[in-house]
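Numbering (the working numbering), first residue to last: 21 to 578.
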């Protein structure tokens with residue numbers, strides 16, 4: 021779980037410091053840089069998994085192509101930043117398995133990872149430069165500071181289930197070493213300073229492994245294993261689990277072969293949906309030491325759980341199954357309506373398939389980490405947006421209960437440009453992204469190459485993304501008051517058709533009445549705030565939240 025992220029010098033993220041809860045919605049108009057924050061998270065995940073250059077290739081540029089190195093750095097006019105820095109605070113699982121199948125137990129589960137990358141000109145490579153590691157660090161966060169570090173509302177039972185262990189020293193550290201080298205017989209010498217990155221063992225004994233930073237093709241974290249540094253390995257696995265879901269209808273509609281080589285986990289594109297659901301629904305083998313297997317859900321219960329969730333989106337849902345075709349050796353997902361008409365996944369709409377994939381993620385305890393999703397309202401009828409938002413919040417860990425197989429440590433971050441989504445989310449889950457003009461400072465210039473010659477600070481202004489939050493929320497109580505959302509900006513976003521904010525209370529409005537969620541969120545929504553209700557168009561909110569609601573709109577087409 022990613023609880024805080026600082027980014028400096030990556031794309032238009034100049035001095036970003038964002039705190040995350042279990043569920044976060046980043047709202048803003050198109051083109052402000054919402055996706056750049058997702059790219060930063062994905063880039064960190066890739067850097068924990070593969071060499072530096074391969075990690076770069078996973079990130080898109082503005083043209084949706086794989087990025088070259090220089091395009092990842094912030095730039096002002098023709099001048100590009102020389103360095104980019106990331107600092108991530110995270111909660112990691114208590115254990116993980118390395119590439120050789122060896123189990124690693126974390127000595128502490130609250131960690132802080134810092135990485136600074138530098139662009140270096142390299143004439144021997146085609147694109148003219150390469151990435152180098154300037155600083156890498158993995159340290160612990162004291163458990164005594166957990167209540168002050170985890171600012172979002174949560175129960176002590178949840179915090180105690182995720183914040184465990186003890187540590188007194190760094191897991192990965194960076195040091196500078198100065199060496200003097202004799203050049204000739206006259207004993208003339210020169211002094212050189214090189215950066216060393218050290219991987220420390222979890223125990224108190226044992227010497228750390230030392231690496232010369234300039235020679236590293238990948239981060240030290242990405243090469244850890246269970247034997248040498250188990251806690252670092254667990255941190256690596258946590259970061260590898262951070263993913264951007266880009267659910268593609270063509271992948272969701274595909275059948276799966278049933279073989280030992282078929283993955284039984286949904287990919288980030290939505291591939292292997294039938295195999296994943298089939299594996300979750302397979303009957304558990306009876307235990308040899310007990311005759312009571314009632315604690316294991318039956319296939320019908322698993323399919324029924326997903327079907328019930330899907331029924332919150334569609335009226336016409338009776339059963340859901342995955343059938344095994346022995347002749348073709350294929351697994352096919354089928355949805356049966358109330359009139360007993362059966363439809364294969366190929367006949368379902370794009371929005372239905374995306375919702376179905378998320379419902380499968382919800383019931384899969386093996387799916388953890390950070391799940392990023394762009395514009396989840398796409399392909400969903402506006403009346404069903406509340407059902408989608410409720411599902412996304414249900415996927416995230418419940419901070420009122422201890423983490424367990426029924427409540428995995430899982431986090432959801434979405435972005436949207438749709439006011440109808442912003443109105444319905446809990447107000448303490450909202451981050452508002454805006455592209456703002458800033459004046460360059462000495463701190464900004466420190467990012468750039470020494471041979472660049474930018475104008476004086478008073479002459480140079482640039483634009484970067486800023487993330488703001490609502491007053492009277494947990495971020496406001498523990499953050500910088502200068503990052504509060506201006507009420508006028510939020511109202512203009514929520515009601516872009518309003519000509520003026522000072523219009524009369526009885527002025528007509530064309531904003532439609534959104535349906536209430538099937539099971540509404542427990543927390544206050546943006547449109548429930550008293551400081552906004554008098555300024556927004558009137559919404560009929562006399563819903564009985566304790567009852568199921570009938571929808572009057574036509575049945576969604578499959």
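All C-beta atoms, glycine included, are put in the ideal place defined by N, C-alpha and C.
Inset, instruction - With DSSP collapsed to three states, give me the class of residue 405. - result: Translated into the one-based positions of the chain shown, residue 405 becomes position 385. Residue 405 falls in the helix class under three-state DSSP.
Legend entry - Through-space distance from residue 382 to residue 445, alpha-carbon basis: Sequence index remark: in the chain shown, residue 445 carries index 425 (1-based). Sequence index remark: in the chain shown, residue 382 carries index 362 (1-based). If I take the Cα positions, the gap works out to 19 Å.
Inset, instruction - Please say whether residue 129 and residue 190 have beta carbons closer to each other than 9 Å? - result: Against the chain shown, residue 190 aligns to sequence position 170. Against the chain shown, residue 129 aligns to sequence position 109. The answer is no: Cβ separation not under 9 Å.
Legend entry - Local Cβ density within 10 Å of residue 528, reported as buried at 16 or more and exposed below that: On the chain shown, residue 528 is found 508 positions in, with the first residue counted as 1. Low confidence applies here, because residue 528 scores a pLDDT of 36, under 50, leaving its location unreliable; read the following figure in that light. Looking at its Cβ environment, which holds fewer than 16 other Cβ atoms inside 10 Å, residue 528 is exposed.
Inset, instruction - Can you check the region 250–294 for any alpha helix (DSSP H) of at least 4 residues that lies completely inside it and give the ranges in chain order? - result: 250–260 and 269–272
Inset, instruction - Would you identify the three-state DSSP class for residue 452, choosing helix, strand or coil? - result: Locating residue 452 in the chain shown gives position 432, counting from the first residue. It is a strand residue.
Inset, instruction - Go ahead and pull the three-state DSSP assignment for residue 55. - result: Locating residue 55 in the chain shown gives position 35, counting from the first residue. Helix at residue 55.
Inset, instruction - Could you check the C-alpha separation between residue 316 and residue 300 for me, to the nearest Å? - result: Looking up residue 316 in the chain shown gives position 296. Looking up residue 300 in the chain shown gives position 280. Answer to the nearest angstrom: the Cα atoms are 11 Å apart.
Legend entry - Buried versus exposed call for residue 232 [16 or more other C-beta atoms within 10 Å across all chains shown]: Numbered from 1 along the chain shown, position 212 holds the residue referred to as residue 232. Exposed.
Legend entry - Beta-carbon contacts of residue 161 that lie in its chain and below 7 Å, excluding the five residues immediately before and after: Taking the chain shown and counting its residues from 1, the one referred to as residue 161 is at position 141. The residues are 109, 130, 131, 132 and 169.
Inset, instruction - Have a look at residue 255 and residue 361 and give me their C-alpha separation to the nearest angstrom. - result: Sequence index remark: in the chain shown, residue 255 carries index 235 (1-based). Sequence index remark: in the chain shown, residue 361 carries index 341 (1-based). Looking at the two C-alpha atoms, the distance is approximately 48 Å.
Legend entry - For residue 371, the three-state DSSP class (helix, strand or coil): What you label residue 371 is simply residue 351 of the chain shown in a count that begins at 1. Here residue 371 sits in helix by DSSP.
Inset, instruction - Put residue 427 into one of helix, strand or coil per three-state DSSP. - result: For this step, residue 427 is matched to residue 407 along the chain shown. The answer is strand: DSSP assigns residue 427 an E or B state.
Inset, instruction - Confirm, please, whether the CB-CB distance from residue 54 to residue 61 is below 9 Å. - result: What you label residue 61 is simply residue 41 of the chain shown in a count that begins at 1. What you label residue 54 is simply residue 34 of the chain shown in a count that begins at 1. No; because the gap between Cβ atoms is not below 9 Å, this pair is not in contact.
Legend entry - Buried versus exposed call for residue 553 [16 or more other C-beta atoms within 10 Å across all chains shown]: What you label residue 553 is simply residue 533 of the chain shown in a count that begins at 1. Exposed, by the Cβ-count rule.
Inset, instruction - Pull up the distance between the alpha-carbon of residue 337 and that of residue 356, whole angstroms please. - result: Numbered from its first residue, the chain shown carries residue 337 at position 317. Numbered from its first residue, the chain shown carries residue 356 at position 336. In a straight line, the C-alpha of residue 337 is about 6 Å away from that of residue 356.
Inset, instruction - With DSSP collapsed to three states, give me the class of residue 73. - result: In the chain shown, counting from the first residue as 1, residue 73 sits at position 53. The answer is helix: DSSP assigns residue 73 an H, G or I state.
Legend entry - Identity of the residue in 495, 240 and 402 nearest residue 230 by Cα: Numbered from its first residue, the chain shown carries residue 230 at position 210. Ranking 495, 240 and 402 by Cα distance to residue 230 puts 240 first.
Inset, instruction - Pick out whichever of 387, 99, 96 and 74 has its Cα sitting closest to the Cα of residue 88. - result: If you number the chain shown from 1, residue 88 lands on position 68. If we check each option's Cα against that of residue 88, 74 comes out closest.
Legend entry - Contacting residues, own chain, Cβ-Cβ under 7 Å from residue 136 (five flanking each side not counted): Here residue 136 refers to the residue found at position 116 when the chain shown is read from its first residue. Here the set comprises 103, 105, 154 and 155.
Inset, instruction - Assign residue 41 to one of two classes, buried (16 or more other C-beta atoms within 10 Å of its C-beta) or exposed (fewer than that). - result: Walking along the chain shown from the start, residue 41 turns up at place 21. Buried: at least 16 other Cβ atoms inside 10 Å.
Legend entry - Residue environment, residue 120, which counts as buried when at least 16 other CB atoms sit within 10 Å: As a first step, residue 120 must be located in the chain shown, where it is residue number 100. Counting Cβ neighbours within 10 Å, residue 120 comes out exposed, since fewer than 16 surround it.
Inset, instruction - Could you tell me the distance, in whole angstroms, from the CA atom of residue 344 to the CA atom of residue 351? - result: Stepping through the chain shown from its first residue, residue 344 is reached at position 324. Stepping through the chain shown from its first residue, residue 351 is reached at position 331. For residue 344 and residue 351, the distance between alpha carbons rounds to 5 Å.
Inset, instruction - Would you mind stating whether residue 58 and residue 427 have Cβ atoms separated by less than 9 Å? - result: Your numbering for residue 58 matches position 38 in the chain shown. Your numbering for residue 427 matches position 407 in the chain shown. Not a contact, by the Cβ cut-off of 9 Å.
Legend entry - Cβ separation of residue 101 and residue 29, assumed to be a contact under 8 Å, to the nearest whole Å: Taking the chain shown and counting its residues from 1, the one referred to as residue 101 is at position 81. Taking the chain shown and counting its residues from 1, the one referred to as residue 29 is at position 9. Yes, they are in contact, since the Cβ atoms of residue 101 and residue 29 sit about 4 Å apart, within 8 Å.
Inset, instruction - Report the partner residues of residue 487 according to the DSSP bridge assignment. - result: Locating residue 487 in the chain shown gives position 467, counting from the first residue. Answer by DSSP bridge pairing, in chain order: 453.
Legend entry - Spatial distance of residue 253 from residue 221 (CA atoms): For this step, residue 253 is matched to residue 233 along the chain shown. For this step, residue 221 is matched to residue 201 along the chain shown. Looking at the two C-alpha atoms, the distance is approximately 11 Å.
Inset, instruction - May I ask you to report which of helix, strand or coil DSSP gives residue 537? - result: On the chain shown, residue 537 is found 517 positions in, with the first residue counted as 1. Bear in mind that the predicted position of residue 537 carries a pLDDT of just 40, short of 50, making it too unreliable to give a figure here.
Legend entry - Rounded C-alpha distance that separates residue 175 from residue 419: Stepping through the chain shown from its first residue, residue 175 is reached at position 155. Stepping through the chain shown from its first residue, residue 419 is reached at position 399. Taking the straight line joining both Cα atoms gives about 6 Å.
Legend entry - Presumed contact (8 Å Cβ cut-off) between residue 124 and residue 246, rounded CB distance: As a working note, residue 124 is residue 104 in the chain shown. As a working note, residue 246 is residue 226 in the chain shown. Between residue 246 and residue 124 the Cβ distance is about 4 Å, and since that is below 8 Å, they are a contact.
Inset, instruction - Can you give me the start and stop residues for the alpha helix (DSSP H) that residue 26 sits inside? - result: Mapped onto the chain shown, residue 26 falls at position 6. No alpha helix (DSSP H) holds residue 26; the beta strand (DSSP E) holding it covers 22–28.
Inset, instruction - For residue 273, I'd like the list of residues in its chain whose CB is within less than 8 Å of its CB, leaving aside the five on either flank, ordered along the chain. - result: The sequence position of residue 273 within the chain shown is 253, counting from 1. 365, 366, 368 and 373, listed in sequence order.
Legend entry - Residue nearest to residue 449 in terms of C-alpha spacing, selected from 94, 423 and 490: Walking along the chain shown from the start, residue 449 turns up at place 429. Taking only the C-alpha atoms, the option nearest residue 449 is 490.
Legend entry - Span of the beta strand (DSSP E) around residue 513: Numbered from its first residue, the chain shown carries residue 513 at position 493. From DSSP, residue 513 is part of no beta strand (DSSP E) but of the alpha helix (DSSP H) over 507–514.
Inset, instruction - State the Cα-Cα distance for the pair residue 543 and residue 511, rounded to the nearest angstrom. - result: Here residue 543 refers to the residue found at position 523 of the chain shown. Here residue 511 refers to the residue found at position 491 of the chain shown. Roughly 20 Å between the two C-alpha positions.
Inset, instruction - Quick one: using the 10 Å Cβ neighbour count with 16 as the cut-off for buried, is residue 188 buried or exposed? - result: Walking along the chain shown from the start, residue 188 turns up at place 168. So residue 188 ends up on the exposed side.
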